[in-house]
């Protein structure tokens, strides 16, 4: 067995691909690369037009009680080693920040398609499973440069199975040393014929 988890970059790439497909775009075409974006422009200002539909995606680990529960399993490998597998459920929070004239419709579309097997399967193949209660889209136009930019936010939680494996050698022998904290002079005063229980 091998470790089972996705890095932040792998998570972002997976959710980017699924979101792009949900919007009806082919992820393989470079013309569709900026329909869904992972990060904001480094200049700090919109780098797209007010009438352009753009979605920003942010994924992070959600603090949750399931994150602290660990399941440890040992399995024999050979006569010298066992495999220790530590697994837990990582709770992920995905945010879609939708801009543009179709932002509300795009957020609603993503929300509805998260329940469809065609889009859930790529996530399930990577041990990521939707928690069925998805927030409703929240319309919140944003003021920038004297103009109101249409914006709608959507968020959903997912459970991800995470597992880390390591080999642990068997303990085959141990050196045991017996010592006493009792001073030697105290031992001399003990009557060897006295029995204690």
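In the working numbering, the protein residues as written are 2 to 198. Idealized CB from N, CA, C, for every residue including glycine.
Going by C-alpha to C-alpha distance, which of the options sits closest to residue i?
i, options, result
"residue 103", "181, 153 and 21", "153"
"residue 158", "119, 67 and 183", "67"
"residue 82", "181, 167, 183 and 178", "167"
"residue 134", "149, 119, 155 and 101", "155"
"residue 115", "7, 5 and 21", "21"
"residue 80", "169, 175, 177 and 179", "169"
"residue 40", "53, 59 and 31", "59"
"residue 91", "56, 63 and 30", "63"
"residue 160", "61, 37, 57 and 53", "61"
Suppose the cutoff is 6 Å on Cβ atoms and the five residues either side in sequence are ignored; what does the same chain contact list for residue i look like?
i, result
"residue 162", "128"
"residue 10", "none"
Specify the secondary structure class of residue i as computed by DSSP and reduced to three states.
i, result
"residue 125", "helix"
"residue 108", "helix"
"residue 32", "helix"
"residue 62", "strand"
"residue 140", "strand"
"residue 19", "helix"
"residue 134", "coil"
"residue 103", "coil"
"residue 12", "helix"
"residue 119", "helix"
"residue 93", "strand"
"residue 114", "helix"
"residue 159", "strand"
"residue 6", "coil"
With DSSP as the reference, identify every bridge partner of residue i, one or two as the case may be.
i, result
"residue 72", "88"
"residue 98", "57 and 154"
"residue 167", "85"
"residue 145", "148"
"residue 37", "56"
Between residue i and residue j, how many whole angstroms is the CB-CB distance? I'm expecting something under 8 Å.
i, j, result
"residue 121", "residue 131", "6 Å"
"residue 86", "residue 74", "5 Å"
"residue 210", "residue 16", "The structure shown does not extend to residue 210, since the chain is modelled only from 2 through 198, so no value can be given for it."
"residue 19", "residue 124", "7 Å"
"residue 143", "residue 101", "The pair is not a contact, with the Cβ atoms about 11 Å apart (cut-off 8 Å)."
Can you find the residues in the same chain that come closer than 7 Å, C-beta to C-beta, to residue i, ignoring five residues on each side of it along the sequence?
i, result
"residue 27", "33"
"residue 198", "Since pLDDT at residue 198 reaches only 49, below the 50 mark, its modelled position is unreliable, and no value is offered."
So with Cβ pairs under 9 Å, would you call residue i a contact of chain B?
i, result
"residue 48", "Annotation note: the requested chain B is absent from the structure, which comprises a single protein chain."
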